[in-house]
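Single-structure report; data block below.
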Amino acid sequence: MYGRCPVRRRSGRRKPSPRPSAGSPMSDVVRIAVLASGGGSNFQALVDRFQRADVPDREVVGVIASREGAGVLERARRA
Numbered sequence: 005m006y007g008r009c010p011v012r013r014r015s016g017r018r019k020p021s022p023r024p025s026a027g028s029p030m031s032d033v034v035r036i037a038v039l040a041s042g043g044g045s046n047f048q049a050l051v052d053r054f055q056r057a058d059v060p061d062r063e064v065v066g067v068i069a070s071r072e073g074a075g076v077l078e079r080a081r082r083a
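Next up, the structure:
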């Protein structure tokens with residue numbers, strides 16, 4: 005058989021990835037990374053807000069700064 009491949013091709017569609025159910029460990033905490041360029045006042049507001057008891061399921065896990073000496077990096081070290 006020339007010119008044809010015996011293997012069926014996929015349709016190109018992907019099945020949606022399964023979403024975690026409400027009780028699964030993956031859905032317990034929303035992990036957030038912050039992009040920043042300045043002193044970090046908005047970063048600090050997020051950290052302060054997420055540490056309150058009424059927002060227990062959010063966590064800032066990373067900071068990416070646009071410049072090496074950005075003040076947000078020091079705030080992140082202290083948080």
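So in this note's numbering the end of the sequence shown lands on 83, straight run, no missing numbers. Virtual Cβ for every residue (Gly too), placed ideally from N, Cα, C. Being a predicted model, the structure only gives us computed values, none of them experimental.
Contact annotation: A40 and V76 have beta-carbon atoms nearer than 8 angstroms. Around the beta carbon of G44, a 10 Å sphere encloses 16 or more other beta carbons of the protein chains shown; the residue is thus reported as buried. G42 and R79 have their C-alpha atoms spaced approximately 11 angstroms apart. Non-local C-beta neighbours of I36 in its own chain, meaning closer than 6 angstroms and more than five positions away in sequence, comprise V64, ordered along the chain.
Leaving aside the five residues that flank A74 on each side, the residues in its chain whose CB is nearer than 8 angstroms to its CB run, in chain order, A40, S41, G42, G43 and G44.
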